[in-house]
């Protein structure tokens with residue numbers, strides 16, 4: 022049964038449940054990209070903190086009184102974590118993290134790997150041991166898996182829709198507070214790519230930055246070009262101090278061809294084309310190809326499953342989709358008890 026950890030689990034590195042697969046999709050060669058999230062130590066630490074919060078929500082430092090009342094402490098059994106819907110596996114290591122954080126007397130046997138496409142009815146894992154622990158941890162485990170697999174499944178749907186084009190699908194920072202690394206990991210499991218993790222690992226000049234940076238009466242195109250120059254100068258000055266990110270991407274958001282025309286000669290790594298029509302996107306690609314072929318173009322704004330293919334066919338390099346994390350529905354995952 023659950024009991025409060027006897028020491029600070031935040032710094033634990035050993036997994037008493039044995040090794041489990043930590044697959045992330047193989048990273049394809051991409052010119053100058055953001056850091057891609059893996060299940061590394063920061064992701065693992067974030068997961069542990071969220072699991073502890075989930076445990077507190079369910080148990081409030083007390084106990085599962087229903088299970089204690091009805092199930093003998095010596096009763097053992099096994100149950101299967103099963104997908105009720107087809108989808109993409111993501112976050113199975115959460116089961117091991119939760120088992121460790123909750124000190125569950127359970128053995129975990131995994132039957133799938135992160136990134137794997139599965140059918141409805143697929144057994145994801147078998148959990149065996151204390152029935153009390155199975156019942157107490159059930160909802161926490163399923164909530165985590167359902168959320169992460171829902172994101173991975175939606176990401177995979179977007180990726181499939183742009184197959185055969187030049188476009189790659191990216192997520193955004195529109196994530197659940199506290200869950201960013203986990204949700205970005207799930208995006209990776211679905212085959213899409215991660216945009217910047219936070220404000221600390223890239224320069225992304227947005228419209229509000231430009232509005233505050235502009236001199237009175239300065240034309241929008243001039244503002245965009247000057248902002249890229251200033252960002253590059255700032256990074257050079259910062260590097261001389263030995264502080265700051267190492268060679269971060271510089272990206273600028275534009276909402277007109279005028280701004281794009283002015284920004285391209287400054288050679289930002291990426292230009293984000295905000296809410297442009299498909300005709301504007303095609304014009305932007307032609308302009309980029311003629312004047313700054315090394316700059317990548319990212320389409321963004323209101324991208325949906327029914328529009329992403331047409332956007333990709335404009336020949337942009339990147340399509341960022343906030344819906345991957347803010348609109349994904351949890352995949353239906355259940356716990357079945359073999360008779």
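Numbering (our numbering), first residue to last: 22 to 360. Don't be surprised by glycine CBs; every beta carbon is placed ideally from N, CA and C.
Taking the CB atoms as reference points, tell me whether residue i and residue j lie closer together than 8 Å.
i: residue 72; j: residue 118; result: yes
i: residue 133; j: residue 345; result: no
i: residue 313; j: residue 286; result: yes
i: residue 112; j: residue 203; result: yes
i: residue 274; j: residue 350; result: no
i: residue 191; j: residue 215; result: yes
i: residue 102; j: residue 356; result: yes
i: residue 258; j: residue 291; result: no
i: residue 171; j: residue 352; result: yes
Between the options, which lies nearest to residue i when the distance is taken from Cα to Cα?
i: residue 300; options: 182, 270 and 337; result: 337
i: residue 122; options: 68, 153, 184 and 89; result: 68
i: residue 364; options: 167, 213 and 260; result: As displayed, the chain neither begins before 22 nor continues past 360, which places residue 364 out of reach and without an answer.
i: residue 335; options: 323, 321, 302 and 325; result: 302
i: residue 251; options: 284, 221 and 264; result: 284
i: residue 89; options: 78, 153, 291 and 116; result: 153
i: residue 319; options: 108, 105, 225 and 104; result: 225
i: residue 323; options: 339, 297 and 311; result: 297
i: residue 206; options: 358, 63 and 352; result: 63
i: residue 156; options: 221, 84 and 254; result: 84
i: residue 65; options: 327, 79, 201 and 256; result: 201
i: residue 249; options: 264, 177, 230 and 265; result: 230
State buried or exposed for residue i, treating a residue as buried only when at least 16 other CB atoms are found within 10 Å of its CB.
i: residue 158; result: buried
i: residue 269; result: buried
i: residue 289; result: buried
i: residue 173; result: buried
i: residue 339; result: buried
i: residue 54; result: buried
i: residue 87; result: exposed
i: residue 96; result: exposed
Per DSSP, what kind of secondary structure is residue i in: helix, strand or coil?
i: residue 73; result: helix
i: residue 163; result: helix
i: residue 205; result: helix
i: residue 191; result: strand
i: residue 44; result: Here the model assigns residue 44 a pLDDT of 35, short of 50, so the residue's position is not dependable and the matter cannot be decided.
i: residue 219; result: coil
i: residue 277; result: coil
i: residue 292; result: strand
i: residue 242; result: helix
i: residue 113; result: coil
i: residue 168; result: helix
i: residue 255; result: helix
i: residue 49; result: No answer about residue 49 holds up, because its pLDDT of 46 lies below 50 and its placement is not dependable.
i: residue 81; result: coil
At a cut-off of 7 Å, is residue i close to the ligand GTP when judged by its beta-carbon and the heavy atoms of the ligand?
i: residue 224; result: Although the ligand GTP was asked about, the structure shown includes no ligands whatsoever.
In chain order, each alpha helix (DSSP H) run of at least 4 residues that lies wholly inside the segment 92-138
Listed in chain order, the complete alpha helix (DSSP H) runs (minimum 4 residues) inside the segment 92-138 are 114-122.
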